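Chemist:
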Ligand code: 3HC
Ligand code: NAI
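Numbering (this note's numbering), first residue to last: 6 to 696.
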């Protein structure tokens, strides 16, 4: 029987089976909640029914509340009211889980009286990733069922656990046989009935709470251990407070407390930012300009040219995904060095317990070293990661053109060079694309996929798909200097360099950015990357502070000195030597240093970045403002809870942004001349989100 468009009701023997089918992920939308509540009530009133099974069709059990309904007026039954119907049902309800039971979906399963899952299922409360807390009783029920410590871990990490782990911690009562969930759930319901098992309610359990009451230090220890990870985010602290409340307050009062904190988080700009990031990530994967039937090319074998900092990391991505790689260097020394570093990285990962020791050899077995480019002849994709010099790259591509098989994708990892120029060294520029990885390439999530004027649609589509295969977030960008990420970084560089000459210290600039939420400050990052990247000792001319520091042998962390000094443990202190260099250079330029406020530092850096982002968008180098946000969050440590530079600008209001830019232009010149796009959007009363 159809209950509504998304819920059906069937009775088998004495078991009612309530089936939900609301693609793509069975989010708990208005229709789903209404349908389930009505079906449960039908089952309660049906004398032929003794127990019921709640199960979903499609790829997953409920993936949570419907995020698209957030901010809209609530429609009955709310999730909490639906939970009351289920929890207080006079007949046992069995939740049957496959796919991912997430957020409100898992919270709904937690009011069922029994839970069964297939081994491949996963359970989690990922609300923290959206700047929220589990708001349908998760913070009160989870500690009661898995204990306070596990509950804190699960809810603040937000990552799901396997069904097996869920069973071990008591979250799941039984594992079903894969592919037989429906039948096994019905069988469990029948057993519950036959054996007269009680209507178990998680809310009534107290034993795990009693255990935690004996360990009052849990919360302080947890806060301390995670201080760095949670810095700046509001949701983790709110979750901890709710779990504290689960010990201190009776269940219903705990629920009220949870509701209050949930509402506060939901109204907060952090959650709006994190929800924006959730959708922006998914949006980034979509390329509107490609026809839906664009073919995806098979990538069974990959070549990487250059086994340096980037080439090694790039190769690891493919080995991790089980794709064989041929790694080419100019000589055996460089090749062995590159391979040794890769092995070392894997061994470190294995030592940390994040990889099985036997997998080190398996992955290394997928890597073949060579000093002959001819060995790349059978590769479907070849990624060049040699020195950042146009002549070297053109030579490599010219040779590659003669070696690579027809149809192969020829990619470059260049940071700044013109990819059309590189492609022109081949007879097949339409097969050339930029794949701009970020350092360390085996870790960083971002992959800028750079299309040139000639890149073929199937190559773009394949590159975007490939990003997902190797666990990256691919963002399609255009071929302009520095693409999206590095071009905005250059705008930040200009301001940061100028500010330290005018009177700010590098540590003051860094503190402003750190306090804003960046993982590290600007000059800390430059020291880490190395001040000598792109510096040529042969042509150096003491033209700026960075060159002078390099000439002094201060290349950053690796030489124990850059803008900061570093001890053996890489602990940094502001360097008086660097400060002297800055002051002397400013004096040489005839500049009189002045006091610069933190507010000015923040404004100049952030508005310069936003303005550059607007120009990038206007020029079509990025196709959406939200793509720029994803680039800066996943590639450069922009705090996720601030949603990226363009979201942040929208939050200030573009009229405010325009006013500030005009004031900064008057004081500091053309870097702040507002992008025409901002002027247009303000005139149209729009934000970047509408651009
Ligand atoms: N609400 C609305 N839409 C959702 C959604 C949700 N909870 N979860 C996913 N979607 C949409 C996505 O936006 C995407 O839409 P699109 O096709 O138009 O781009 C589509 O479903 C498919 O999603 P994915 O591309 O992410 O599909 P995957 O198969 O890769 O992943 C998933 C599936 C693991 C379920 C993943 O989508 C996910 O993690 N979803 C979010 C889960 C979540 O955060 N739940 C908690 C919600 S908050 C909550 O429940 C509050 C409660 O405590 C009161
Ligand atoms: P690197 O200097 O560490 O490595 C380059 C390697 O290429 C060296 O091992 C060199 O021996 C090898 N090589 C040079 N010519 C070669 C040839 N003809 N054939 C085979 N191998 C050759 O440089 P890095 O940092 O790995 O940079 C490589 C590229 O990646 C550059 O284009 C750079 O701009 C880009 N990039 C660098 C990032 C970084 O943070 N280091 C980040 C993103 C991109």
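Backbone N, C-alpha and C define an ideal beta-carbon position, used for all residues, glycine too.
Keep in mind the model is a prediction, meaning the values are calculated, not measured.
Should residue 688 be labelled buried (16 or more other beta-carbon atoms within 10 Å of its own) or exposed?
Modeler: exposed
Chemist: If you compare alpha carbons, which of 506, 655, 530 and 679 is closest to residue 597?
Modeler: 506
Chemist: Taking residue 25 as the reference, give the member of 18, 321 and 67 with the closest Cα.
Modeler: That would be 67, whose Cα lies nearest to the Cα of residue 25.
Chemist: For residue 162 and residue 122, which I take to be in contact (beta-carbon distance under 8 Å), what is that distance rounded to the nearest angstrom?
Modeler: With 8 Å as the limit, residue 162 and residue 122 do not qualify as a contact, their Cβ atoms being about 20 Å apart.
Chemist: Pair every Cβ in the segment 320-335 with every Cβ in the segment 380-388, then say whether three or more of these pairs are closer than 8 Å.
Modeler: yes
Chemist: Since I believe residue 160 is in contact with residue 176 (beta carbons under 8 Å), could you give me their beta-carbon distance rounded to a whole number of angstroms?
Modeler: Going by Cβ atoms, the distance from residue 176 to residue 160 rounds to 12 Å, so no, they are not a contact pair.
Chemist: Does the separation of the CB atoms of residue 243 and residue 214 fall below 7 Å?
Modeler: Against a cut-off of 7 Å, the Cβ pair of residue 214 and residue 243 comes out as no contact.
Chemist: Using DSSP bridges, identify the partner residues of residue 689.
Modeler: DSSP output for residue 689 lists no bridge partner at all.
Chemist: Once you ignore the five residues that flank residue 257 on each side, which residues in its own chain have a CB closer than 7 Å to its CB?
Modeler: none
Chemist: Which ranges does the beta strand (DSSP E) cover as unbroken runs of at least 3 residues, wholly within the segment 40-95, from first to last along the chain?
Modeler: 56-61
Chemist: For residue 128, write down the residues that DSSP places opposite it in a beta bridge.
Modeler: DSSP output for residue 128 lists 106 and 166 as bridge partner(s).
Chemist: Residues bridged to residue 641 by DSSP?
Modeler: According to DSSP, residue 641 bridges with nothing at all.
Chemist: Under the three-state reduction of DSSP, which class applies to residue 308: helix, strand or coil?
Modeler: strand
Chemist: Count Cβ pairs between the segment 295-309 and the segment 463-479 that sit closer than 8 Å; are there 3 or more?
Modeler: yes
Chemist: Short check: CB of residue 197 to CB of residue 97, under 7 Å?
Modeler: yes
Chemist: Output the boundary residues of the alpha helix (DSSP H) element that contains residue 519.
Modeler: 511-521
Chemist: Taking the alpha-carbon positions, what's the residue 43 to residue 8 distance?
Modeler: 7 Å
Chemist: What residue range is occupied by the uninterrupted beta strand (DSSP E) comprising residue 577?
Modeler: 577-579
Chemist: Closer than 6 Å: is that where the CB of residue 635 sits relative to any heavy atom of ligand 1?
Modeler: Every heavy atom of ligand 1 is 6 Å or more from the Cβ of residue 635, so no.
Chemist: Just to confirm, are residue 85 and residue 149 a CB contact at a threshold of 7 Å?
Modeler: no
Chemist: Any idea what DSSP makes of residue 222, helix, strand or coil?
Modeler: coil
Chemist: Check the C-beta distance from residue 610 over to residue 500 and give it rounded, since I have them as a contact under 8 Å.
Modeler: Contact check for residue 610 and residue 500: beta-carbon distance about 5 Å, within the 8 Å limit, so the pair qualifies.
Chemist: For residue 376, count neighbouring Cβ atoms within 10 angstroms of its own Cβ and tell me buried if that reaches 16, exposed if not.
Modeler: Residue 376 is exposed by the Cβ-count criterion.
Chemist: For the segment 434-450 against the segment 478-497, are there 3 or more C-beta pairs whose distance is under 8 Å?
Modeler: yes
Chemist: Return yes when the C-beta of residue 29 is under 6 Å from any heavy atom of ligand 1, and no when it is not.
Modeler: yes
Chemist: Decide if residue 486 is buried, meaning its Cβ has at least 16 other Cβ atoms within 10 Å, or exposed.
Modeler: exposed
Chemist: Under 7 Å between the Cβ atoms of residue 604 and residue 693?
Modeler: No, they are not a contact pair.
Chemist: Cutting at 8 Å between CB atoms, please list the residues of its own chain near residue 77, excluding the five before and the five after it.
Modeler: none
Chemist: Hey, which unbroken runs of the alpha helix (DSSP H) at 4 residues or more fall wholly within the segment 351-388?
Modeler: If only uninterrupted alpha helix (DSSP H) runs of at least 4 residues are considered, those enclosed by the segment 351-388 are 362-370.
Chemist: Can you check whether the CB of residue 145 is closer than 7 Å to the CB of residue 259?
Modeler: yes
Chemist: Can we count residue 139 as close to ligand 1, meaning its CB is less than 6 Å from some heavy atom?
Modeler: yes
Chemist: Report the rounded CA-to-CA distance for residue 135 versus residue 401, giving the unit in angstroms.
Modeler: 45 Å
Chemist: For residue 142, which residues of its own chain have a beta-carbon under 8 Å away from its beta-carbon, when the five flanking residues on both sides are left out?
Modeler: 85, 88, 112, 115, 116, 208, 260 and 263
Chemist: Could you check what DSSP says for residue 646 in three-state terms: helix, strand or coil?
Modeler: Residue 646 falls in the helix class under three-state DSSP.
Chemist: Give the range of the beta strand (DSSP E) segment to which residue 678 is assigned.
Modeler: Element bounds for residue 678: n/a, residue is neither H nor E.
Chemist: Alpha carbon to alpha carbon, what distance is there between residue 55 and residue 202?
Modeler: 12 Å
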